[in-house]
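Notes follow once the structure below has been shown.
Number of protein chains: 4
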Amino acid sequence: MRAIRVGIIGAGRIGRLHAENLVRRIPGAEAVAVADVVEEAARGLAEGLGIPNAFGEPSPILGDPSIDAVLICSSTDTHARFIEQAAQAGKHIFCEKPIALDLEEIDRALAAVERAGVILQVGFNRRFDPSFAEARRLVQSGAIGKPHVLRITSRDPAPPPIDYIKVSGGIFLDMTIHDFDMARFLMGEEVVEVFASGTVLVDPKIGEVGDVDTAVVTLRFSSGALGVIDNSRRATYGYDQRVEVFGERGMVRVENPKPHQAVLSSEDGDYSPPLLHFFVERYAESYVRELTDFLSCVREGKQPPVTGRDGKIPVVMGYAAKRSLEEGRPVKLSEIDPSLG
Amino acid sequence: MRAIRVGIIGAGRIGRLHAENLVRRIPGAEAVAVADVVEEAARGLAEGLGIPNAFGEPSPILGDPSIDAVLICSSTDTHARFIEQAAQAGKHIFCEKPIALDLEEIDRALAAVERAGVILQVGFNRRFDPSFAEARRLVQSGAIGKPHVLRITSRDPAPPPIDYIKVSGGIFLDMTIHDFDMARFLMGEEVVEVFASGTVLVDPKIGEVGDVDTAVVTLRFSSGALGVIDNSRRATYGYDQRVEVFGERGMVRVENPKPHQAVLSSEDGDYSPPLLHFFVERYAESYVRELTDFLSCVREGKQPPVTGRDGKIPVVMGYAAKRSLEEGRPVKLSEIDPSLG
Amino acid sequence: MRAIRVGIIGAGRIGRLHAENLVRRIPGAEAVAVADVVEEAARGLAEGLGIPNAFGEPSPILGDPSIDAVLICSSTDTHARFIEQAAQAGKHIFCEKPIALDLEEIDRALAAVERAGVILQVGFNRRFDPSFAEARRLVQSGAIGKPHVLRITSRDPAPPPIDYIKVSGGIFLDMTIHDFDMARFLMGEEVVEVFASGTVLVDPKIGEVGDVDTAVVTLRFSSGALGVIDNSRRATYGYDQRVEVFGERGMVRVENPKPHQAVLSSEDGDYSPPLLHFFVERYAESYVRELTDFLSCVREGKQPPVTGRDGKIPVVMGYAAKRSLEEGRPVKLSEIDPSLG
Amino acid sequence: MRAIRVGIIGAGRIGRLHAENLVRRIPGAEAVAVADVVEEAARGLAEGLGIPNAFGEPSPILGDPSIDAVLICSSTDTHARFIEQAAQAGKHIFCEKPIALDLEEIDRALAAVERAGVILQVGFNRRFDPSFAEARRLVQSGAIGKPHVLRITSRDPAPPPIDYIKVSGGIFLDMTIHDFDMARFLMGEEVVEVFASGTVLVDPKIGEVGDVDTAVVTLRFSSGALGVIDNSRRATYGYDQRVEVFGERGMVRVENPKPHQAVLSSEDGDYSPPLLHFFVERYAESYVRELTDFLSCVREGKQPPVTGRDGKIPVVMGYAAKRSLEEGRPVKLSEIDPSLG
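Protein chains in written order, with this note's numbering: chain A, 7 to 347; chain B, 7 to 347; chain C, 7 to 347; chain D, 7 to 347.
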């Protein structure tokens, strides 16, 4: 079996994470090139992992006919453009979320992918977490009957820098977007309406740049089922990521894993450790699995487990939540994108 | 110490529960009379517990100068009237929730109580559950800092009969009302606005009588904190009652207790038993504690732990949720009762 | 149905506990008299609970033909004698553990019971704990197949006074005796050999009076299955009572219940409360159930769930453990009582 | 920093596991050669991981002056000999457990290591498990005060082939040996005496070859503290690995991790998945950490975290347990090795 030859575009934190997994953890693929606007970063990553080529721009990767697939890990504003170029170059594409913050750009990128007939998988890695995947499997298996209520709690350990928040598109497009994807993934159906509440309780600076840091979003699914997501930019006890699907015959819950199983009992009670710090630790396994799945889709010409449409809808949901918060009323997804009627 | 002499008005399920606790579990009080419109019921209860007097109406109790306090456990539509009469008779009053479904009636009853200077405690028993009381204590102690997000899950094991639902005032006034009280109790502050989503997923008959059986209610507190309550009329795995308060320095959670601690492990995994069936089992301890507290307030002339105002506000919240569901928009409590501005 | 008329012999801590349960929690029985060598104690208990008669010795109870059954809750050295007398008087007998510390006395008492044809139930209350009863039920149901290994952890929150320890018969006859009973109860078979290790780590005074405060006892059952009990006189985190039966198809475990379900999460980790303090709290339910069962055996003339033989064998096991510790070798039960061959 | 050059002796399951970790997970080291008596196996492993050299015997590795360290992963009967040869060749040594089943061979090997002044680390990987390491840290920190009772449960998912059991040295030297090491590691002190009970309940064939498959071993530590280990060759619910240290001020427990956190609740109760299957999954992290630690000791010339003596004493304990089982009495370690007095 020939190894799939992969180029990596973007050598930042997430690019490095994927590159390391590709080189160290995933058999059957070969990382052959890295590109980053900061050429030094590309070179550093390539050297550290023994990847033969490093470039200051993606074009040598896109122009190399021996390369089968690219991982787009560059900044969000470049994703759609690189997807279009990679599709035109006939490369299969793994792209980090979100595809873009502009819906027209997303549509153009998805159209390019469709024309080219290449595979596009969007980086909603949480679907590949063993616990969430098992929750989805149980729901799909009918173990809880028809789903009635979805609950997602998703809290970061600490807010990102204000400069990042400014360009992030706001909490719903930056943070809740993962939960919007999780909601569709777990329930196996579409959301038709959202109602968002938000407030600034963690850091007033976040409010000053026009965002909120604490939010509760209510979802209405097409079947009539309800959902609720709560987010915070800061949980002192670690990265809090829980889901629950309640249905006519039961419930599936996923609680947080712990860094270790030691518990101390004393006259003050029982103590166990805080949660894993953040996504790199919590979702380590999910990153390996999503890339493994992408590569097996490339190899077998299969439909990817997270499609371009799966990449787009959470962005629509993010805009609906944003409008809901601004206007203080529930907002239908079809108000944002009439094609989602 | 002279025993407090207590009359019980209403010999249905909850009247019987209080009577048994009074006779068997709570020292320092004496049940001296029971009244019920079904005189047989009053007599049966009195005989079973060795209570000396039984009547077909409350007036002999209210007219007996040796009686210090009454427990109003009759049907909801009689609560306000009996409160007024008992207050005029100078009796201290423990009244089951809700005081009434009509806000004017509530106001009249509370005014009568105030004029008479008697103690009125409303039966929001969940406050006296050892786990929820500890959660409140931890929040008040500052252990989690300023509260940011409240989550309450409250699901019954099975819906009540349709005939009951018809006259119940709807899910928000019948079921969520307990969660509205819990929200105020745990957060220690008032709710200013609610947004309610509801749906009929458990039993279409519930929809036919104009109610919903599955609901998610978002709360906005005066401090800006957010809350969310999810309700269902039917959880197959038992009576599901969980709360969580998340704040700037941590989180307090209360999970469900289990009927026993035995766990079976086999090649299929680990099995533990379903939850306690319903409120009689789950909240057994809370009923003893609420009555004990009421009696100690009577004895010491103290402010009761659940006041008349605490009895009224959840009714206002219920109407706000109802209007929110009907009109598809967030509703301020001040729209229902302008005095709550 | 006529109420069973019960006399209580012994008005100390455990006598009071049974008397309260009898009066307040158990229908179908009537406490008609209390006796205690300290007549004041008998009178105090009787008055507090509305029991009509109080005596300074048991003979008026034993001589009262209207009394059906007695609860023997006096000091251990009087148990066997009162059993014989009560049996001769034709009373059914509930007797606290141990029947006696002298095996011949036990045999005489059991013979008297047999001659009289009365019911004797011994107070191994832990069998009636809902969790342990469920564990036994699961083992008996075949859920774990043939049992292979039993583990019992049984640790008290604090040692009793030294004066008590001196006359207690030592840790194996005072404390482990409950675990010996639990071992037979859970496994449904007899122990043939024990090996005991013991040490003084909690309080040197315990060593000075010839006892140990920390012990590990290995059991060999007739089927070849193995068991292990570990005991300590002092667990700072509360009364630690856990059991586990491991077998060919799985395992049943019972963990400790908690006083409440509130958990606090902070940057230091998760905190939950210490265990219930001691047996009165931990086994509250079991005391109600054992007496209820005894009374239903009396009513229906059934074999009691804890027989005289069940009362004797743990004493034999206690002596075997004692000899094992003294002689540093495994000891067969048949060495202590040749009839157990 | 120059990479440490490592040769791997033995290309079986454990050799492969270490080789993969070395190549993929551990920076700062280079796997330069693999040797196995089955040269094909060495070559296969080397090719799969890009290791440049493969041999049918260890001598080319031992004779290569550019190699700093060797991992001895060959069959147990070759360990001591290869340790001696590697020490004479001046290589630092990581050797799988046990060093040997013959105590004189162990002593000779340790003497050779001492003469050569090289580092020898023995492969008791469980010490590096994050949960057990945390338990040890808590005990050492004084969090539970002076340790009183140690409990270890260690059960395999299924017995190895009978042909393996025949040459394994028996359950105490093959399986309990890990628990003997864990006992010393957690308690931070030596065992002076053991008492072993054993039985054949899993598979009669194991009895036919003179071994037991179910065992309980009681330990007495030098401080007087007690310990107990229970072992089974077959737990249907997975690889069961739990420890508990109970002490004067509290307790540390380590429960089993689960493969995922999803829990299903239904009217039958709560279900969670069986345990991780076996050591490769359960201790995956520990293998990476032990090798990382070994390499850092080599780099910094430090005392290894598991010494030659740590490798020897569990073998002595295994023989003491064996004799205890054969002779039905507690056996002192000094009876096996008088130097351990």
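In this text, a Cβ means the ideal position worked out from N, Cα and C, and glycines have one as well.
All of these numbers come straight from a predicted model, not from anything done at the bench.
Tell me whether the beta-carbon of residue i lies closer than 9 Å to the beta-carbon of residue j.
| i | j | result |
| --- | --- | --- |
| D:A221 | D:T242 | no |
| A:R157 | A:V197 | no |
| B:R305 | B:G34 | yes |
| A:D246 | A:S174 | no |
| C:R194 | C:R142 | Inspection of the sequence shows that residue 194 of chain C is occupied by Gly rather than by Arg. Against a cut-off of 9 Å, the Cβ pair of C:R142 and C:G194 comes out as a contact. |
| D:F186 | C:S238 | no |
| A:R11 | A:D74 | yes |
| D:P320 | D:R190 | yes |
| D:A9 | D:E36 | yes |
| D:D274 | B:Y277 | yes |
| D:D343 | C:V155 | no |
| A:P280 | A:A268 | no |
| B:K5 | B:G13 | A query on residue 5 of chain B cannot be resolved here, the shown segment of chain B reaching from 7 to 347 and no further. |
| C:L192 | C:V223 | no |
| B:E90 | B:G129 | no |
| D:G123 | D:A95 | no |
| A:P165 | A:H283 | no |
| A:A60 | A:A93 | no |
| C:L207 | D:A231 | yes |
Between which residues of its own chain and residue i is the CB-CB distance below 6 Å, once the five residues before and five after are set aside?
| i | result |
| --- | --- |
| D:A17 | V40, D42, A47, A48 and L51 |
| B:P310 | I125, Q127 and C303 |
| A:E254 | G151 and K152 |
| B:R295 | F134 |
| D:E250 | R157 and R259 |
| A:F100 | L77, Q127 and F300 |
| B:I112 | I105, A106 and K318 |
| B:L116 | G314 |
| D:E199 | R226, P336 and K338 |
| B:S229 | E195 |
Can you give me the Cβ contacts of residue i inside the same chain, cut-off strictly under 8 Å, excluding the 5 residues immediately before and after it?
| i | result |
| --- | --- |
| C:E63 | A41 and V43 |
| C:A86 | I105, A106, D108, E111, I112, R114 and A115 |
Once the 5 residues before and after residue i are set aside, which same chain residues still bring their CB inside 7 Å of it?
| i | result |
| --- | --- |
| A:I32 | V294, L297, T298 and L301 |
| D:D217 | I171, G176 and I177 |
Quick test of the definition: if touching needs 3 or more C-beta pairs under 8 Å, does the segment 129-140 of chain B touch the segment 17-36 of chain C? Taking one beta carbon from each stretch, the segment 129-140 of chain B and the segment 17-36 of chain C have fewer than 3 pairs nearer than 8 Å; the two do not touch.
Residues in the segment 139-163 of chain D having any Cβ partner in chain C nearer than 8 Å: K152, H154, V155, R157, T159 and R161
Residues within the segment 163-194 of chain D neighbouring chain C, beta-carbon criterion of under 7 Å: none
In the segment 252-282 of chain C, which residues sit with their C-beta less than 8 Å from some C-beta in chain D, listed in chain order? F252, E254, R255, G256 and M257
Check whether the segment 259-277 of chain D touches the segment 256-276 of chain A, taking contact to mean three or more Cβ pairs, one atom from each stretch, closer than 8 Å. yes
Could you name each continuous beta strand (DSSP E) segment of 3 residues or more that falls completely within the segment 271-324 of chain C, going from the start of the chain to the end? 275-278
Could you please tell me which residues of the segment 215-228 of chain A, in chain order, have their CB closer than 8 Å to any CB of chain B? T220, A221, V222, T224 and R226
Would you list, in sequence order, the uninterrupted beta strand (DSSP E) runs of no fewer than 3 residues that lie entirely inside the segment 46-130 of chain B? 59-61, 75-78, 98-101 and 126-128
Quick check on the DSSP output: what are the complete alpha helix (DSSP H) runs of length 4 or more inside the segment 191-265 of chain B, in order along the chain? 210-214
Jot down the residue ranges of each uninterrupted alpha helix (DSSP H) in the segment 156-194 of chain D, minimum 4 residues, whole runs only, in chain order. 168-173, 177-180 and 182-193
Residues within the segment 227-246 of chain C neighbouring chain A, beta-carbon criterion of under 9 Å: A241, T242, Y243, G244 and D246
If you measure beta-carbon to beta-carbon, which residues of the segment 303-316 of chain D are closer than 9 Å to chain A? From the segment 303-316 of chain D, no residue has a Cβ closer than 9 Å to chain A.
Taking beta-carbon pairs under 8 Å, can you tell me which members of the segment 317-335 of chain D lie near chain C? Here the close residues are G334 and R335.
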